[in-house]
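2 protein chains.
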Amino acid sequence: MAAQAAGAGQAMTDEAARSLEERCAAKGLRMTDQRRVIARVIGGADDHPDVEEIHRRASAIDPGISLATVYRTVRLFEDSGLLSRHDFGDGRARFETLHHHHDHLIDITTGAVIEFQDPALHALLRRIADELGFHLVKHRLELIGRPIDGRAGGANGGKRSPS
Amino acid sequence: MAAQAAGAGQAMTDEAARSLEERCAAKGLRMTDQRRVIARVIGGADDHPDVEEIHRRASAIDPGISLATVYRTVRLFEDSGLLSRHDFGDGRARFETLHHHHDHLIDITTGAVIEFQDPALHALLRRIADELGFHLVKHRLELIGRPIDGRAGGANGGKRSPS
DNA sequence: ATAGGTGCAAATTCTTTGCTATTAA
DNA sequence: TTAATAGCAAAGAATTTGCACCTAT
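One line per chain: the protein sequences are A and B, in this order. With the working numbering applied, the first sequence corresponds to residues 7 to 169, in that order. With the working numbering applied, the second sequence corresponds to residues 7 to 169, in that order.
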């Protein structure tokens, strides 16, 4: 089987959070309380929160954090190569830590996001770019699908459905 | 060769414009002067203009057309299945008529958009969705690439660089 | 000490909408 | 005729920014 669902069962609630903080520090970023909290929130998320959701979760830990700071921090982390930003079709940007490479399939009926990875796909994309005379720097890909009757939610390994 | 650049040399300045107008009428849309002009602009474009650019080009033909009308028309055409909307990373939405299926590669150095189509890619995407338990409804894909030295602009068949 | 960060509110940017006058069918 | 449309300006939603005050390093 080429494509396999990924990202469902990783135990990353605390470990990845700390490593995001670590990676921030390693990048030489000034670590304020706010950034630490935001890093923990994003690193500990197993979904793809938008800025407001990150702010909501961060506020639960430290009520003083402003939305502007979340925007600034998320931008900073992205520019530092620690986060990736996604556009799932609703107006807002969604974020996740940059762990293993994967792409997303969006359930058109629920909005749920399923992660998958497929080496053959990446090889093909690289080859296509190459044939057009380009070195593939990165790509944006979302599949939009409708569950096949009978095996609908099966691939969605316990992921919270994002509204 | 699997992927081939497409969309560069089609003679569509007038023919596709008329056919977009025709398709609008065929869909039962009320054809106002504004819609006719906007249809001609979009149908005649060989690039991927955003709303402001469409408005600019439409205004050159009929100065009375408002931006709001362009937004409404573009939305209408999209909902009628006559247009596709793209997000190339800059904030605004880009549009093009829905002709043959293709995807886009964006030159990271210039922002130029190269169209390509690759049947093997689409087959693979369908298969991936299928393996995850989904019927592939549609997909969003952009490759971001850097020209390989020596054969840089070669694949870009006379396409206007979109700022 | 001080360059850089934060909060707040105001500003931007892209897009949608309420309302009245206009028009295609 | 009359329901749908256009223009205009005001409203929204997401994101950015100016400024005075704080704080990691």
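All residues carry an ideal CB built from backbone N, CA and C; glycine is no exception. Bear in mind the structure is a predicted one, so any value in this text is a computation, not a measurement.
Touch test, the segment 108–116 of chain B against the segment 68–78 of chain B, Cβ-Cβ under 8 Å, three pairs minimum:
no
Closer than 9 Å, CB to CB, is A:Gly151 near chain B or not?
For the purposes of this step, residue 151 of chain A is taken as the residue at position 145 of the first sequence. It does; some Cβ of chain B falls within 9 Å.
List the residues of chain B that A:Arg36 touches, going by C-beta distances under 8 Å, in chain order.
The residue labelled residue 36 of chain A in the question sits at position 30 within the first sequence. Here the premise fails: no neighbours, minimum Cβ distance about 28 Å.
Where A:Leu89 and B:Leu35 are concerned, what is the direct C-alpha to C-alpha distance, given to the nearest angstrom?
As a first step, residue 89 of chain A must be located in the first sequence, where it is residue number 83. As a first step, residue 35 of chain B must be located in the second sequence, where it is residue number 29. Straight-line Cα distance between these residues: approximately 44 Å.
Compare the C-alpha of A:Ile67 against each of A:Asp39, A:His92 and A:His54 and name the closest.
Translated into positions along the first sequence, residue 67 of chain A becomes position 61. Residue A:Asp39 is the option with its Cα nearest to A:Ile67.
Spell out the partners DSSP gives A:Lys144 in its beta bridges.
In the first sequence, the residue the question calls residue 144 of chain A occupies position 138. BP columns for A:Lys144 point to B:Ile150.
Since B:Arg100 sits in a beta bridge, which residues does DSSP pair it with?
Along the second sequence, read from residue 1 onward, the residue named residue 100 of chain B stands at position 94. Note: B:Arg100 sits in a beta bridge opposite B:Asp56 and B:His92.
Of the residues that make up the segment 138–150 of chain A, which ones have a beta carbon closer than 7 Å to any beta carbon in chain B?
Leu138, Gly139, Phe140, His141, Leu142, Val143, Lys144, His145, Arg146, Leu147, Glu148, Leu149 and Ile150
Whole angstroms is fine: what's the gap from A:Pro55's alpha carbon to B:Ala32's?
Reading the first sequence from its first residue, position 49 is the one you call residue 55 of chain A. Reading the second sequence from its first residue, position 26 is the one you call residue 32 of chain B. Those two C-alpha atoms are separated by around 42 Å.
I believe B:Leu131 touches B:Leu142 by the beta-carbon criterion, under 8 Å. Please report the beta-carbon distance rounded to the nearest angstrom.
Reading the second sequence from its first residue, position 125 is the one you call residue 131 of chain B. Reading the second sequence from its first residue, position 136 is the one you call residue 142 of chain B. B:Leu131 to B:Leu142, Cβ: 6 Å. Contact.
Buried or exposed: which applies to A:Pro153, given that a residue is buried once 16 or more other Cβ atoms fall within 10 Å of its Cβ?
Residue mapping note: residue 153 of chain A aligns to position 147 of the first sequence, counting from 1. Flag for A:Pro153 reads buried.
Step through the CB atoms of chain B and report whether any lies within less than 9 Å of the CB of A:Leu130.
Your numbering for residue 130 of chain A matches position 124 in the first sequence. Against chain B, the CB of A:Leu130 has a partner CB under 9 Å away; the residue lies at that interface.
List, in chain order, every chain A residue whose beta-carbon is nearer than 7 Å to that of B:Leu127.
The count along the second sequence starts at 1 and reaches residue 127 of chain B at position 121. Chain A residues near B:Leu127: Leu130 and Ile134.
Quick one: which residues of the segment 92–111 of chain A get their C-beta closer than 7 Å to a C-beta of chain B? List them in chain order.
Asp93 and Leu111
For chain A, is any of its Cβ atoms less than 9 Å away from the one on B:Phe122?
In the second sequence, counting from the first residue as 1, residue 122 of chain B sits at position 116. B:Phe122 counts as touching chain A.
Rounded straight-line distance, which links the Cα of B:Gly49 to that of B:Ser25:
Residue numbering aside, residue 25 of chain B sits at position 19 when the second sequence is read from its first letter. Residue numbering aside, residue 49 of chain B sits at position 43 when the second sequence is read from its first letter. Cα to Cα, the separation comes out at about 8 Å.
Counted within 10 angstroms of its Cβ, other Cβ atoms place A:Arg29 as buried (16 or more) or exposed:
In the first sequence, counting from the first residue as 1, residue 29 of chain A sits at position 23. It is buried - the Cβ of A:Arg29 has at least 16 other Cβ atoms within 10 Å.
Among the residues of its own chain, which have a CB less than 6 Å from the CB of B:Phe83, if the five just before and after it don't count?
In the second sequence, residue 83 of chain B corresponds to position 77, counting from 1. Around B:Phe83: Leu89.
Please tell me whether, using a cut-off of 8 Å, the distance from the CB of B:Ile48 to the nearest non-hydrogen atom of the ligand SAM is below it.
In terms of ligand content, the structure shown is empty, and the ligand SAM therefore cannot be addressed.
Report yes or no: is there a C-beta of chain B within less than 9 Å of the C-beta of A:Asp85?
In the first sequence, residue 85 of chain A corresponds to position 79, counting from 1. False, the Cβ-Cβ gap to chain B never drops below 9 Å.
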